[in-house]
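The sequence shown maps to residues 25 to 618 in the numbering used here.
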Amino acid sequence: MPRWPDSASAWHRRQRRHPVIATPMVMARAFGLLFSAGGLLVSLAALVPHNQAASLGTLYVVAGVAVVVGTALLLCGDRLRRAAFNPLVSLGVLLLGVGAHTSGGGAPAISILCCNVFVAAVVFFFSRWWVVVHLLSAVASCIGVTWADGDTQRWAGLVVAAIVVIIGYLQHWLMRLADQTDVDTLTGLHNRRGFDRYLRAAVDKARLTGQPLTLALLDLDRFSLVNLTGGHAAGDAVLQTVATVLREVVGPDHAIARFGGDEFALLLGCGEEEAAAVVEQVRAALPQHACSAGVTTWQAGESASLLVGRADAGLYRAKKDGGSRVVVERTRRSPVAVELRAAVETGALDVHYQPVVDLRTGVVVGMEALARWRSSSYPGITPDQFIAIAERDDCIHALGHHVLRKSCSDAAWMQDATGVALRLNVNVSGLELMSSRYLHGVQDVLASTGWPAEQLVLEVTESVLVPDAVHAVNLLKQLRALGVRVAIDDFGTGYSSLSRLDDLPRDFLKLDRAFVSTLQRGEPVPAVLTAIAALSKALTIEVIAEGVEDDYQAETLAELGYPMAQGYYYGRPMPATELVALLGRTTSDVATPV
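Below you can see the structure in the form of structure tokens.
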């Protein structure tokens, strides 16, 4: 077993010699452009008037070789290893030296030697010692070619050589400083910024070449426990271990990044199945640190952000299903997923509302918005089923936004129609909370519909708020700062931890219907219901009991001190117009909601 800290230190030493952007793809593109440009400039030098000593044939041969090499590098240079680019620098210096020597001296020779500045343009790709070697070879070429052409030519060669050295050193220094902004200092991998830049370039290349491109996002399971039990030093050591394993398993020809926290990204030039096999190798090499992963392949016409979003969806499903697994997000949608997406885009997806009642007064104080959809191809599909399809097929963001906008619009209409102050509860998927666009989407809906933020409650299942869900928790805190309130749904059925209730962003708890169903006439009241009621009072958290189906359950919950409830006893999910009627107002003189 290798000593991970030592290995990580060795990687940092290698990283200081080679910048992150020194990949075959980037180097091939840079070298290809410079060789092609150099060849064209040499051919231009052959066109100006020359003395009798000039060898035009040799000049054209030099120019042709440079253009051919440049074109080859642009087409397939990314297949070369990084070490192969060192001889290419020497080849470029040699071609410029031969071209200058055969140009007959004078201005054409100096013009060609000035192209050695191209060497200075690429030295930041190499280690410090190779920088010295390449710059010295350019200096030797400039001085050697001009040495026999008189004092004027010698001084011109010295000036060109000095310019090459100065520009090369500054280029190397400045680009290394800039390169550090794309590197994660702890692991030596790309950071999110560096990886995003590399990913966009890889997608652009895939559009041209049609080569496969697969993204895998990995996340350590229960990583927060490592920091909690061993401190941040132990957490850093684990992250270095993972980075080292990724480099050993994936190899140098693929991009690896630390996205942030304990999330890593791999960009592989292969298909989904092969990429999934690579991820399984990584998981097998980390027996003490379980991890989950989402894998997906780029498809023609897709943007880099869409690729990342689909891999995120796969990672979310892997974590939601218990973790320690790899989920491949297929790019080919099922027929029911295609129909569902069309329903969302055309507005055919409906929203019904189930009333929430104040147990002390029996008055309706709010409603929960619930998506409803009747599929023509699959008439028996349930809401839970089509929500799962939306999450799997990258439709949940559009579906969630549609439900939020329509429910806020309907709620504003119902409140105006009845004169009753209402609270609107809307369910949020964990995938929506992983999107950086969700906060802006909520703000946009509230502004366009006029629904007050203080009367919007976002319901989040407690499984979304596991200790590792840092982004989701932070996003909910930002929403609460806007006035939006948060309810933890299905409380008591998943990852409940009473010690975390003080830390979680929450205003309400929704007691799962499984607890309410234990209330039966003639039987003792379950102690857990009494305990939860006492806990909510102690923590000043309002609890909404779900699944109330008869008067006995409603009365018992009220006696225990539960403030609110919902269930079939008060009403099934219904259209907005029916809820208005339930609130005691006719709709004969009220416009239909938009």
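Beta carbons: idealized from backbone N, C-alpha and C, even for Gly. This one's a predicted model, so the numbers in the text were calculated from it and none came from an experiment.
- Classified as buried, Ala395 has 16 or more neighbouring CB atoms from the shown chains inside 10 Å of its CB.
- The residue from Leu99, Glu296, Gly88, Leu252 with its alpha-carbon nearest to that of Ala52 is Leu99.
- Within its own chain, the residues whose Cβ lies closer than 7 Å to the Cβ of Cys294, once the five positions on either side in sequence are excluded, are Pro236, Thr238, listed in chain order.
- With a beta-carbon spacing of about 30 Å, Asp418 and Gly474 fall beyond the 8 Å limit used to define contacts.
- Taken in chain order, the complete alpha helix (DSSP H) segments of 4 or more residues contained in the stretch 518-594 are 537-540, 551-562, 575-584.
- In summary, Thr406 is exposed, with fewer than 16 beta-carbon neighbours lying within 10 Å of its beta-carbon over all protein chains present.
- Taking Ala335 as the centre and dropping the five residues before and after it, the same chain places the C-beta of Leu239, Leu241, Gly318, Thr320 closer than 6 Å to its C-beta, in chain order.
- The three-state reading of DSSP puts Thr385 in coil, since its state is none of H, G, I, E or B.
- Cβ contact annotation for Ile134 (same chain, cutoff 6 Å, sequence separation greater than five): Ala180, in chain order.
- Arg349 is the residue among Gly285, Gln264, Arg349 whose C-alpha sits nearest the C-alpha of Gln305.
- For Gly121, the uninterrupted alpha helix (DSSP H) run begins and ends at 109-126, by DSSP.
- By the criterion of a C-beta distance shorter than 6 Å, Leu533 is surrounded in its chain by Ile512, Phe515, Ile565, Val567, once the five residues flanking it on both sides are discounted.
- Rounded to whole angstroms, the gap between the alpha carbons of Tyr594 and Val375 is 18 Å.
- Pairwise C-beta distances place the stretch 108-122 in contact with the stretch 47-67, as three or more of them are shorter than 8 Å.
- The stretch 78-98 makes no contact with the stretch 251-262: fewer than 3 CB pairs, one atom from each, lie closer than 8 Å.
- Counting along the chain, no beta strand (DSSP E) covers Ile413; the unbroken alpha helix (DSSP H) around it starts and ends at 407-416.
- Under DSSP, no beta-bridge partner is assigned to Ile420.
- Minimum Cα-Cα distance from Tyr576 among the listed residues Val466, Leu223, Thr542 corresponds to Thr542.
- Per DSSP, Leu499 is not a residue of any beta strand (DSSP E); the alpha helix (DSSP H) it occupies stretches across 494-505.
- When only Cα atoms are considered, Gly454 and Val484 end up about 7 Å apart.
- Taken through DSSP and simplified to helix, strand or coil, Pro236 comes out as coil.
- Two segments are said to touch when three or more pairs of C-beta atoms, one from each, lie closer than 8 Å; by this definition the stretch 213-228 does not touch the stretch 157-170.
- The beta carbon of Tyr462 lies closer than 6 Å to those of Glu456 in the same chain, with the five residues before and after it left out.
- The Cβ-Cβ distance between Val163 and His196 does not fall below 8 Å.
- Residue pairing of Ser316 in beta bridges, as defined by DSSP: Asp243.
- Phe59 is positioned such that its CB atom lies closer than 8 Å to that of Val93.
- Closest option to Val469, judged by alpha-carbon separation, among Cys432, Leu563, His421: Cys432.
- Note on geometry: alpha-carbon atoms of Gly192 and Leu68 lie some 25 Å from one another.
- C-alpha of Thr47 to C-alpha of Val494: approximately 32 Å in a straight line.
- Exclusion of the five residues before and after Val452 leaves Gly424, Leu482, Glu483, Val484 as the residues of its chain whose Cβ lies within less than 7 Å of its Cβ.
- In this structure Arg384 is in contact with Pro587, their Cβ atoms being roughly 7 Å apart against a cut-off of 8 Å.
- A residue is called buried once 16 or more other Cβ atoms fall within 10 Å of its Cβ, and Tyr592, having fewer, is exposed.
- DSSP, reduced to helix, strand and coil, places Arg221 within a helical segment of the structure shown.
- Closest in C-alpha terms to Ala578, from the list Val604, Ala505, Ser316, Arg537, comes Arg537.
- Here the alpha carbon of Gly347 sits roughly 7 Å from the alpha carbon of Cys315.
- Between the alpha carbons of Thr554 and Leu584 lies a gap of roughly 6 Å.
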